[in-house]
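Chains as they are written, first to last, in the working numbering: chain Z, 4 to 346; chain P, 17 to 569.
All C-beta atoms, glycine included, are put in the ideal place defined by N, C-alpha and C.
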């Protein structure tokens with residue numbers, strides 16, 4: 004237990020104490036619990052229950068002041084706000100477990116930066132598997148280390164429901180975070196998913212010896228592709244030039260992005276996907292669970308189906324799955340017209 | 017509407033609207049009233065009747081009115097609008113119609129033609145029906161989740177939301193409800209439809225309320241929505257056409273007008289807040305209408321092509337206003353044994369969840385959910401307009417899926433789609449608008465090529481139908497391509513002034529490419545053009561021609 008105010012021992016007041024469920028035990032869960040503590044310190048009334056699969060994750064929850072439940076469903080049961088702190092590939096399994104206790108009034112906040120099967124965006128995965136509808140995403144730079152060093156965090160939050168945006172604001176009230184809110188959940192989720200593809204591509208480019216400028220251009224291309232997908236999926240154009248889009252490109256040190264860049268770099272250097280470090284114990288192909296790689300693969304299928312121009316994603320898939328050389332393949336992408344008129 | 021309910025609902029509507037208007041921040045009451053007067057006098061410019069006198073009188077008094085007088089004026093305006101909108105339901109008329117049964121329903125379907133009605137009246141009064149009019153029972157197919165619709169009516173209020181292609185729709189829907197043994201639903205009908213005296217009489221007395229789309233006063237729209245909501249809260253089943261107007265392009269609606277439909281969540285929330293425990297639920301039931309030929313197709317597609325993106329919202333001079341055309345239409349349609357399909361889709365709740373036969377809301381993974389929770393915050397039911405608009409938007413998305421799934425494709429649609437795709441393919445340098453207006457270098461097709469393309473499309477469509485992605489008319493389910501083409505050509509030759517497609521020797525050509533486009537568009541969105549390497553003809557919202565429609569992929 005930390006010395007900061009515990010969510011369990013929230014300050015007295017007339018308002019009903021709101022129940023928060025935190026699912027996952029990684030850095031995001033740590034950050035979420037820190038924000039809840041700050042909100043409690045500012046007078047909000049929250050009780051927190053959580054669930055994580057690993058011992059380390061459960062310890063993170065306990066340290067953050069949460070009561071650890073024995074299942075996802077038990078953690079979700081009766082919660083007003085559910086904070087989902089797992090990556091995109093884990094969402095499907097999570098929602099299947101949570102659905103039995105999910106209710107339509109719950110606000111669900113996630114930070115996943117990827118897509119599911121059929122290029123389903125995270126909010127679509129959550130909706131498809133449960134009765135949840137009031138879903139919010141937190142995206143943008145969200146550099147958690149800033150919070151650790153006392154600086155203000157910057158993030159975009161998106162939900163189609165004002166009620167969900169208000170709930171998220173209430174959750175972080177008192178925390179050092181600057182939120183930029185929008186209703187465009189599709190755009191913010193796309194920016195997050197495509198930024199991971201961009202970081203994977205820049206890692207591949209760095210490993211293949213391409214210049215910093217080329218790497219920067221690959222980020223620009225990722226954002227342009229996000230914009231094209233956004234147009235096909237009904238996102239707002241402005242989102243891509245906002246905090247979730249351009250704003251996410253500038254501070255490039257978010258942990259998931261670093262992971263993508265490192266893995267891309269390792270693949271390009273070793274010349275094979277299996278040589279990327281083998282983070283996944285059961286599978287040599289580390290990219291099978293990597294959000295950026297999954298997004299690229301699903302994105303190519305989506306692009307074929309909807310006639311969307313996606314050269315960067317095609318190049319990433321060609322490198323990962325067809326063994327094409329990273330340097331030459333990415334150079335081909337860089338040599339093509341940026342297509343700014345069509346973006 | 018029952019007389020006993022009418023005044024109570026009117027009072028409720030007026031009270032709510034006035035209260036709502038007075039609560040609008042930053043809008044002064046005198047400006048609000050002046051705004052209404054301005055909109056109405058502008059609409060009535062050049063007219064000299066009671067209506068003009070009413071508004072002119074208000075204008076004279078508003079300049080020096082006290083706050084109290086302004087409130088009284090606002091109430092008068094609101095009452096005027098509400099009384100104009102308010103439909104009525106006359107049980108005597110309903111009993112007469114249902115007792116007379118089939119002949120009178122046929123009579124209604126032909127009520128657009130007073131001359132024919134007068135000719136047939138003696139026979140009708142003798143109880144023999146109208147000899148010169150068709151028996152609609154054979155020609156209208158009612159199918160889909162009809163049993164579910166019956167069961168849900170016991171448990172809550174129904175909001176039926178059909179596709180909209182023709183002025184015939186409301187009559188066909190009315191007939192279908194009667195055929196299913198259901199009482200008339202309330203529905204908003206354009207004021208122009210009431211101009212036909214015979215039809216207007218029945219519409220007024222069987223639940224239609226008037227919607228005057230020429231009125232631009234925002235207050236009028238508020239009253240209209242509040243009226244619809246109040247009727248739903250009071251348990252009156254309603255019909256809304258979420259397309260807002262008849263599809264100009266002939267394509268299925270993709271972009272819906274959700275204003276009236278949004279009253280569904282609001283009515284449900286109010287029922288919960290009022291503690292209503294019986295029939296408090298509200299069910300949204302999609303439905304599709306499908307015709308081989310559409311009465312107003314020529315006018316609608318002309319409007320679409322001439323005013324790309326600026327279609328006239330109100331057309332007052334189309335085929336539906338010409339009795340002879342209406343009579344010809346039905347005579348031709350029914351003489352071809354042509355079927356009109358009315359298909360009831362799977363119901364959903366106001367939050368976009370499926371609903372089972374017992375009225376339970378089901379989430380997408382098949383679990384039963386409590387719909388009340390969607391309108392709750394911190395354990396309490398709360399009113400939230402933004403939340404409701406968002407739920408309604410989701411319902412709208414699900415409706416467009418339901419429309420595609422439940423629409424019945426006909427021979428005319430497939431044949432027109434196949435022919436137009438082939439013409440586009442043979443004229444790759446000509447963009448679609450030019451092709452439709454001026455034709456291309458190649459203007460006709462060998463019949464054999466048409467058969468082959470129809471055959472290809474039938475294979476794809478039958479696959480889709482087997483997966484539940486669309487419904488096919490009987491001729492498309494099992495017939496060969498030649499049968500489908502023959503049936504389509506028979507229809508195209510029968511009613512329109514120029515044929516969408518006609519056979520000349522061993523070739524086919526279009527005498528009216530706009531019509532060909534119109535009927536082809538019913539298949540827009542099913543992506544059949546991909547097999548030929550072409551792009552969609554229409555923009556994703558089906559409201560305009562796609563930018564790159566002429567280009568191959």
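For residue 222 (chain Z), the uninterrupted alpha helix (DSSP H) run begins and ends at 215 to 236, by DSSP. By the criterion of a C-beta distance shorter than 7 Å, residue 279 (chain P) is surrounded in its chain by 241, 244, 245, 248, once the five residues flanking it on both sides are discounted.
A contact is defined here as three or more CB-CB pairs under 8 Å, and the segment 455 to 469 of chain P fails this definition with respect to the segment 397 to 411 of chain P. Straight across, the Cα-Cα distance linking residue 78 (chain P) with residue 235 (chain P) is about 17 Å. In the structure shown, the three-state DSSP call for residue 97 (chain P) is helix. Counting the other Cβ atoms within 10 Å of the Cβ of residue 245 (chain Z) gives 16 or more, which makes it buried. At a cut-off of 8 Å, the C-beta of residue 120 (chain Z) has no neighbouring C-beta in chain P.
Taking C-alpha positions only, residue 32 (chain Z) is separated from residue 409 (chain P) by approximately 32 Å.
Sixteen is the threshold: since fewer than 16 other Cβ atoms of the shown chains lie within 10 Å of the Cβ of residue 63 (chain P), the residue is exposed. With fewer than 16 other Cβ atoms from the protein chains shown falling within 10 Å of its own Cβ, residue 154 (chain P) counts as exposed. Against chain Z, a Cβ distance below 8 Å from residue 402 (chain P) picks out 164, 165, 166.
Shown in chain order are the members of the segment 307 to 328 of chain Z whose Cβ falls below 8 Å from a Cβ of chain P: 310. Of all residues in the segment 100 to 114 of chain Z, only 102, 103, 105, 106, 107, 108, 109 come within less than 9 Å of chain P when Cβ atoms are compared, listed by chain position.
The C-alpha of residue 219 (chain Z) is placed about 20 Å away from the C-alpha of residue 328 (chain Z). Pairing residue 43 (chain Z) with residue 25 (chain Z) gives a Cβ-Cβ distance that is not under 8 Å. Pairing residue 264 (chain P) with residue 306 (chain P), the inter-Cα distance amounts to about 15 Å. Burial state of residue 70 (chain Z) is exposed, judged by a 10 Å Cβ sphere holding fewer than 16 other Cβ atoms. Nearest neighbour of residue 82 (chain Z) by Cα position, chosen from P:163, P:393, P:255, turns out to be P:393. The beta carbon of residue 143 (chain Z) sits no closer than 8 Å to any beta carbon of chain P. For residue 419 (chain P), the CB contacts under 7 Å within the same chain, skipping 5 residues up- and downstream, are 179, 268, 269, 302, 304 in chain order. DSSP places residue 157 (chain Z) in the uninterrupted beta strand (DSSP E) bounded by 156 to 162. Chain order gives the chain Z residues near residue 406 (chain P) as 163, 164, where near means a beta carbon separation below 7 Å. The segment 374 to 391 of chain P makes no contact with the segment 86 to 97 of chain Z, as fewer than three CB pairs between them are under 8 Å. Per DSSP, reduced to three states, the secondary structure at residue 362 (chain P) is coil, with no helix or strand assignment.
Shown here, residue 557 (chain P) sits in coil according to DSSP, grouped into three states, outside any helix or strand.
The three-state secondary structure of residue 53 (chain Z), taken from DSSP, is strand. The DSSP-derived three-state label of residue 155 (chain P) is coil. The alpha-carbon of residue 523 (chain P) is positioned some 12 Å away from that of residue 501 (chain P). Using a CB distance cut-off of 8 Å, residue 422 (chain P) does not count as an interface residue toward chain Z. Given a length threshold of 3 residues, each whole run of the beta strand (DSSP E) inside the segment 156 to 201 of chain Z is given here in chain order: 156 to 162, 180 to 185.
Around the C-beta of residue 355 (chain P), 16 or more other C-beta atoms lie within 10 Å, and the residue is accordingly described as buried. In this structure, residue 507 (chain P) lies near residue 309 (chain P), with their beta-carbon atoms less than 8 Å apart. In this structure, the alpha-carbon of residue 173 (chain P) lies about 21 Å from that of residue 219 (chain P). Beta-bridge annotation (DSSP): residue 390 (chain P) is not paired with any residue. Counted as a single uninterrupted DSSP element, the stretch harbouring residue 81 (chain P) is not any beta strand (DSSP E), since DSSP gives it neither H nor E. At a cut-off of 8 Å between beta-carbon atoms, residue 42 (chain Z) makes no contact with chain P.
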